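*Asks:* The structure's right below; bear with me while I get my questions together.
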Amino acid sequence: MTKWLIGLAGLVSLGACASFVPQEPTSRFEAYAEADNRMTEEGRMRITAFLEDSGSSSALVLYKGKIAYQYGDIHEKHLIHSMRKAILGTMYGALVEEGAVSLDEHVGVLDLDEPGNPLTEQESAATVRELLQSRSGIYLPSAAESEGMTASKPDRGAHLPGEAYYYNNWSFNALGTLYEERAGESIYAAFEEQLAGPLGMTSWRGRIGEMRLGEGGDDPDVFPARLKRADGFYLYEPEKSRHPAYHFRLSAHDLALFGQMLAQDGVWDGERLVSADWIDEMTDCASVTLPDIGGGMRLCYGMMWTVTDRVGRTIAFSHTGLGTHMLSVHPGAELVIVHRAPTEDPEFERKNPPSRLIGLVFGAFE
């Protein structure tokens, strides 16, 4: 049986951003006074009942940048699982803007081949854009790939690059390798410099570890205790791929900071952190995944973000992690919604999709 083999030489503090001083875990947001809160008491009670039934650990709703609802310990850190992709997708904007990466570069010239399993000529024709859109047509084994992802993966060579959408961890992980090569620093150092520091994330400490999956390690169903304090870690599965997954552990509060900055068109405290053009591009519909979700809306995948649009106009973008963690940004409605759950607890069982929380939040406003 495959088990965890931990290859961690201690947790390392990045110290990457000289101006970044971790804040005490207090809120960077103001909260609405009861008399000014547009969320009704009845609506908030329905949300609380949903969260209690779901076994949620925390939730946060921002309206116009202020706390309209919160639940649980919003400073408790959890793995964000697949939401890592939305963070990296956002950070790619700076590389593209600087000219360090072109969206039209072909994979074949990027040195992303797997040892002993080189990319085919067809796969090599995929572009960085298609990696970001998860339309690369490269269907290779990858780190942090669930059984469901493996089972639904098309056969190798089944589609040309750009021809079909498949939620593809090989593409996402290879983008991490490419990012670090072109940026000249780790994903975590760049995250600290570009986002955690400027946003004043209160729970981020820059403690980064490493883990390797292989024979003779810990139980794969139990998260290693030695990584409990890590803010991020690389997960290597060398028998599958040379490209590691890049995991983050963040709090609901700090995810809300990230979401609110994006809701404000990439600006925070008067400083532009993310290009407005890049936000538009990465949240544009590249692949329709659900053509009708009601109200004339459809669900799409953009560039490492799930997108809700109506008649070709993006009205919201989000990402989930392990089917229960969620960051959902609704710029037009001036709403940011965060949901967290204790997914590192082996006793936790997923019950309700976090998308239901979005409807409850909108329904709670008078």
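In case it helps, mature numbering (1 follows the signal peptide of the UniProt record, and there is no 0) puts the sequence shown at residues -18 to -1, 1 to 348. Glycine residues also receive a C-beta, built at the ideal position from the N, C-alpha and C atoms. On a predicted model such as this, the values are computed, not experimentally measured, just so you know.
#1: What do you reckon, are the CB atoms on serine 134 and tryptophan 152 nearer than 8 Å?
#2: Valine 320: beta carbon under 7 Å from a heavy atom of the ligand FAD?
#3: In three-state terms, what does DSSP make of aspartate 327?
#4: Where does leucine 114 fall in DSSP's three states?
#5: Touch check for the region 61 to 72 and the region 298 to 306: three-plus C-beta pairs under 8 Å?
#6: Do leucine 217 and alanine 126 come within 8 Å of each other at the CB atom, strictly closer than that value?
#7: Go ahead and pull the three-state DSSP assignment for methionine -18.
#8: I believe threonine 296 touches threonine 325 by the beta-carbon criterion, under 8 Å. Please report the beta-carbon distance rounded to the nearest angstrom.
#9: Which runs of the beta strand (DSSP E) at least 3 residues long sit entirely within the region 43 to 67? Give them in chain order.
#10: Return the Cβ separation of residue 422 and phenylalanine 240 in integer angstroms, given the expectation that the two are a contact with Cβ distance under 8 Å.
#11: Just checking, does the region 226 to 236 make contact with the region 34 to 43 on the three C-beta pairs under 8 Å criterion?
#12: How long is the line joining the alpha carbons of histidine 312 and glycine 294, rounded to whole angstroms?
#13: Would you grab the beta carbon distance between tryptophan 250 and valine 78 for me? Rounded to a whole angstrom, and I think it's under 8 Å.
#14: Return helix, strand or coil for asparagine 155, following the three-state DSSP convention.
#15: Just the Cα atoms here: how many angstroms apart are glutamate 129 and proline 336?
#16: By the DSSP assignment, the alpha helix (DSSP H) with glutamate 192 in it spans what residues?
#17: So who's on the other strand from leucine 250, going by DSSP bridges?
#18: Taking the straight line between their C-alpha atoms, what separation do you get for glycine 182 and arginine 10?
#19: Is it true that the CB of alanine 108 sits closer than 8 Å to the CB of valine 89?
#20: According to DSSP, simplified to helix, strand and coil, what is threonine 72?
*Replies:* Taking the geometry as given:
#1: The count along the sequence shown starts at 1 and reaches residue 134 at position 152. The count along the sequence shown starts at 1 and reaches residue 152 at position 170. Contact flag unset, no.
#2: Absent from the structure shown: the ligand FAD. Ligands present: none.
#3: Against the sequence shown, residue 327 aligns to sequence position 345. Here aspartate 327 sits in coil by DSSP.
#4: Numbered from its first residue, the sequence shown carries residue 114 at position 132. In this structure, leucine 114 counts as helix in the three-state DSSP scheme.
#5: yes
#6: For the purposes of this step, residue 126 is taken as the residue at position 144 of the sequence shown. For the purposes of this step, residue 217 is taken as the residue at position 235 of the sequence shown. Cβ distance < 8 Å, so alanine 126 and leucine 217 count as in contact.
#7: As a working note, residue -18 is residue 1 in the sequence shown. Because the pLDDT of methionine -18 is 27, which lies under 50, any placement of that residue in the model is unreliable, and the number read from its coordinates should be weighed accordingly. The answer is coil: DSSP assigns methionine -18 none of H, G, I, E or B.
#8: Position 314 of the sequence shown holds residue 296. Position 343 of the sequence shown holds residue 325. Contact doesn't hold; Cβ gap of about 28 Å is too wide.
#9: 48 to 54 and 59 to 61
#10: Past the boundaries of the shown model lies residue 422; the chain is included only from -18 to 348, so the question cannot be answered.
#11: yes
#12: By 1-based counting over the sequence shown, the position of residue 312 is 330. By 1-based counting over the sequence shown, the position of residue 294 is 312. Rounded to whole angstroms, histidine 312 to glycine 294 spans 16 Å at the Cα level.
#13: Position 268 of the sequence shown, counting from 1, holds the residue named residue 250. Position 96 of the sequence shown, counting from 1, holds the residue named residue 78. About 20 Å separates the two Cβ atoms, so there is no contact after all.
#14: In the sequence shown, the residue the question calls residue 155 occupies position 173. The answer is helix: DSSP assigns asparagine 155 an H, G or I state.
#15: Reading the sequence shown from its first residue, position 147 is the one you call residue 129. Reading the sequence shown from its first residue, position 354 is the one you call residue 336. Rounded to whole angstroms, glutamate 129 to proline 336 spans 21 Å at the Cα level.
#16: As a position in the sequence shown, residue 192 is number 210, starting the count at 1. Premise fails: glutamate 192 lies in the beta strand (DSSP E), 189 to 196, not in any alpha helix (DSSP H).
#17: In the sequence shown, residue 250 corresponds to position 268, counting from 1. Position check: residue 250 holds tryptophan in this sequence, whereas leucine was assumed. DSSP output for tryptophan 250 lists Glu253 as bridge partner(s).
#18: Counting from one through the sequence shown, the residue named residue 182 turns up at place 200. Counting from one through the sequence shown, the residue named residue 10 turns up at place 28. Looking at the two C-alpha atoms, the distance is approximately 8 Å.
#19: Counting from one through the sequence shown, the residue named residue 89 turns up at place 107. Counting from one through the sequence shown, the residue named residue 108 turns up at place 126. Note that the C-beta distance between valine 89 and alanine 108 is below 8 Å.
#20: The residue you call residue 72 lines up with position 90 of the sequence shown. Reduced to three states, the DSSP call for threonine 72 is helix.
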